[in-house]
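J.:
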Amino acid sequence: MSSSPREYVIAKWIDPAFTELYSAARFVLRFFIEVFQPPFEFKEIIRQCYEIGYKSLPLITLTGFVTGIVFTNQSRPSLAEFGAASWLPSLIAIAIIRALAPLVTALITAGKVGSNIGAELGSMKVTEQIDAMEVSAINPFKFLVVSRVVATTLTLPVLMTYSAFVGLMGAYLNVHLNELTSFTSFFQSAFSQITFLDIYASLFKAVVYGFTIGIVGCYKGFNATQGTQGVGRAANTAVVISMFLIFIEEILIVQVTTWIRTS
Amino acid sequence: MKVTSNKRAVIVGIFIFIGLAFLIAGILAIGSLNKSFTKKLQISAVFDDVGGLQQGNNVWYSGVKIGTVKELSFYDKSQVLVVMNIDEKSQPFIRKDAKAKISSDGLIGNKIIVIYGGTPEVKAVDAGDQLAVEKLFTTEDMINTLQRNNENILSITTDFKEIGKKIMSGEGSLGKLLNDQALYDNLLSTTEKLSLASDNAKKMTEDIAVYVHKLNMEGGLANDLVNDTTVFAGLQEAVLQMNEMVANANEVVSNLNASSNDPQSPVGVLLSDEESAASIKTTIKNLETSSVKLNENLEAMQHNFLLKGYFKDQEKAEKKAQKEAEKAAKKGE
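Residue numbers (our numbering), protein chains in the order written: chain A, 1 to 263; chain B, 1001 to 1333.
1. Excluding sequence positions up to five away, which residues of its chain have a Cβ less than 8 Å from the Cβ of S2 (chain A)?
2. Please classify A25 (chain A): does DSSP put it in a helix, a strand, or coil?
3. If S1279 (chain B) and G1268 (chain B) are in contact, beta carbons under 8 Å, what's the gap, nearest whole angstrom?
4. With a cut-off of 8 Å, do at least 3 Cβ pairs link the segment 122-130 of chain A to the segment 228-242 of chain A?
5. Using a Cβ-Cβ cut-off of 7 Å, state whether K1007 (chain B) counts as contacting chain A.
6. Taking the alpha-carbon positions, what's the L79 (chain A) to W87 (chain A) distance?
7. Tell whether a beta-carbon distance below 7 Å holds between A171 (chain A) and G64 (chain A).
8. Pop quiz: I1086 (chain B) and I1066 (chain B) are said to be a contact at Cβ under 8 Å. What is the actual Cβ separation, rounded to whole angstroms?
9. I want to see whether chain B comes within less than 7 Å of T19 (chain A), judged by CB atoms only; does it?
10. Any idea what DSSP makes of M1084 (chain B), helix, strand or coil?
11. Looking at chain B, is there any beta carbon in it that lies within less than 7 Å of the beta carbon of L203 (chain A)?
12. Just checking my contact of V1059 (chain B) with T1068 (chain B) at CB under 8 Å: how many whole Å lie between their CB atoms?
13. Can you round the beta-carbon distance between L1294 (chain B) and M1301 (chain B) to whole angstroms, since I take them to be within the 8 Å contact cut?
14. Excluding the 5 residues preceding and the 5 following L159 (chain A) in the sequence, name in chain order all residues of the same chain whose CB lies nearer than 7 Å to its CB.
15. For L1028 (chain B), would you say it is in contact with chain A, using Cβ-to-Cβ distances shorter than 7 Å as the test?
16. What are the partner residues of I1112 (chain B), as DSSP defines its beta bridges?
17. Any beta carbon from chain A within less than 7 Å of M1001 (chain B)'s own beta carbon?
18. Cα separation between A17 (chain A) and G1013 (chain B)?
19. Return the bridge partner residues of I1043 (chain B) from the DSSP annotation.
20. Determine the burial state of Q1198 (chain B): buried for a count of at least 16 other Cβ atoms within 10 Å of its Cβ, exposed for fewer.
21. List the residues that DSSP assigns as beta-bridge partners of S1073 (chain B).
22. With contact counted as at least three CB pairs below 8 Å, one residue from each stretch, are the segment 237-248 of chain A and the segment 204-222 of chain A in contact?
23. Under 7 Å, CB to CB, which of the residues in the segment 1008-1021 of chain B have a partner in chain A?
24. Examine chain B for any beta-carbon lying closer than 7 Å to the beta-carbon of Y200 (chain A), and answer yes or no.
25. In angstroms, rounded to a whole number, what distance separates the CA positions of M1001 (chain B) and I94 (chain A)?
26. Determine the extent of the alpha helix (DSSP H) in which W259 (chain A) is found, giving its start and end residues.
27. Within 10 Å of its beta-carbon, does V146 (chain A) have 16 or more other beta-carbons around it, so buried, or fewer, so exposed?
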């Protein structure tokens, strides 16, 4: 009985997962190499910022505003039970700036932009447009991937800030209608508990989430196979994986932030 | 070839996965890194009621978190044994006679165990020691006390209400004072008089002060009496002499008494013998008669021509002396 070399490292069902991880790591590494190498596609980056950022504003406005109102409404009874309804602005500001604004913005953007990038690049891949670009001496990775990932990374902090502002305005509207709190009083109370660490942490989160959405969407689109079905799968998995990674990153960043705050 | 290349990708993927897993585990552990590596010791306390204390709640000493509740279990019949993990670095500060009590971090905060007290002379706690506990005052206890306070306040306010009613209706001393005009007038008058008396008293006090000041002045009799030893000595001597005089006078009086009692002595005869007394009386009468007659004779002698010149010269000398005295008085004016 002759011994044949092992076909799989661990098992047939798990080896592809590690191959995929390796492939993703290479993709990310390539991005970091390409992003600092000229030529820089500034025009494409600005166009992507417009597409990703500006066109997401209505959705971000609506979700941010609703989040502010709903969270305020839901928090009021708990605080009112202890006679601490006046702490609502502080509570809402902490919740929105520290957690809700980055998370809601990232999830909305992942849903809208991540799927868009996955589907767009996926369709280009299956229709061999990417191969055509390579033939035309255009670096498709730089033009398609780097520009999109840089655009999402730059745009998401802006969208997050805007979402936080809109969310606080929604919260103010609710508080004003119920407690007749003035605009100045609300914002003074809201920002009394906010530190620069909170703001920096949220901005950092937004940068990481933006990068994740961009890189996952591009990776899935860039590696789409099997025709139109593959395009749909790329768009779908781009959203699912980016959302999953966003939550993992949230946990890790909060952990680090808490450590910095307490040390 | 393809299989080999694919294997390499899988192996690198596994390494990336392990690396990421370590990174994530490291970041997750970073928050409680310090606590995980600090050495701890276990001490315990037995409470009658832990009031909702849970595993993982904090343990404070002098307001500093020094550990957590590790375990809660029933002990004896209905007591609760609480095992605490205490940082080893805080061990030297917790004495064996320190006490534990259940408290909360804030009005609506989590339950905590507070370790307090302890005397410096007693040794520090060791692992496995059991701390004494203080009875827990639950919210119910506080509400019960507040209820008793409320009942007391109600009783007091009811009494005050009754008193107020009586005062308003003019009952009792205070009521009369507030409602009776005549009493008020009397009181006012008395107050005025008291005010006047107070003014007088003030004036009198001032006079006394002035008088005392004078008494205290140097050279005054009172001051000398108090401060000058020579005056006092003189006074003492004078008193002694007076005492001596009184003694002598007593002796004289006693001698006189003795003589007066003796009928043979001249004094006794004078004081006791009636015959002698009558004779003396007659003698005095004769003397009076003789002196009258002598006056008459002298008057007659003044008008006698042999002695008349002498009396006139004497009269002139008297008048002259009187005129000189008047002149001297005028010059002086």
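All residues carry an ideal CB built from backbone N, CA and C; glycine is no exception.
This one's a predicted model, so the numbers in the text were calculated from it and none came from an experiment.
T.: In this structure, then:
1. With a pLDDT of 45 at S2 (chain A), under the threshold of 50, the predicted position of this residue should be treated as unreliable, though the coordinate-derived value follows. Contacts found: none.
2. Here A25 (chain A) sits in helix by DSSP.
3. That belief does not hold up - the Cβ atoms of S1279 (chain B) and G1268 (chain B) are roughly 15 Å apart, past 8 Å.
4. yes
5. yes
6. 8 Å
7. no
8. 6 Å
9. yes
10. M1084 (chain B) sits in a strand when the DSSP states are folded into three classes.
11. no
12. 6 Å
13. With a Cβ gap of about 10 Å, L1294 (chain B) and M1301 (chain B) do not count as contacting.
14. G53, S56, I60, T105 and T109
15. yes
16. DSSP lists B:S1103 as the bridge partner or partners of I1112 (chain B).
17. Low local confidence applies: a pLDDT of 44 at M1001 (chain B) is under 50, so the model's placement there is unreliable, with the coordinate-based value given in what follows. No, M1001 (chain B) does not count as interfacial toward chain A.
18. Distance between the alpha carbons of A17 (chain A) and G1013 (chain B) is about 8 Å.
19. B:M1084
20. Reading off the sequence, residue 1198 (chain B) comes out as Ser, not Gln. It is exposed - the Cβ of S1198 (chain B) has fewer than 16 other Cβ atoms within 10 Å.
21. Its beta-bridge partners are B:L1081.
22. yes
23. Using a CB distance below 7 Å, the part of the segment 1008-1021 of chain B facing chain A consists of A1009, V1010, I1011, V1012, G1013, I1014, I1016 and F1017, ordered along the chain.
24. no
25. Below a pLDDT of 50, predicted positions are generally treated as unreliable, and M1001 (chain B), at 44, falls in that range; the measurement from the model is reported next regardless. C-alpha separation (whole angstroms): 56 Å.
26. G227 to T262
27. Taking all protein chains in view, the Cβ of V146 (chain A) is crowded by 16 or more other Cβ atoms within 10 Å, so the residue is classified as buried.
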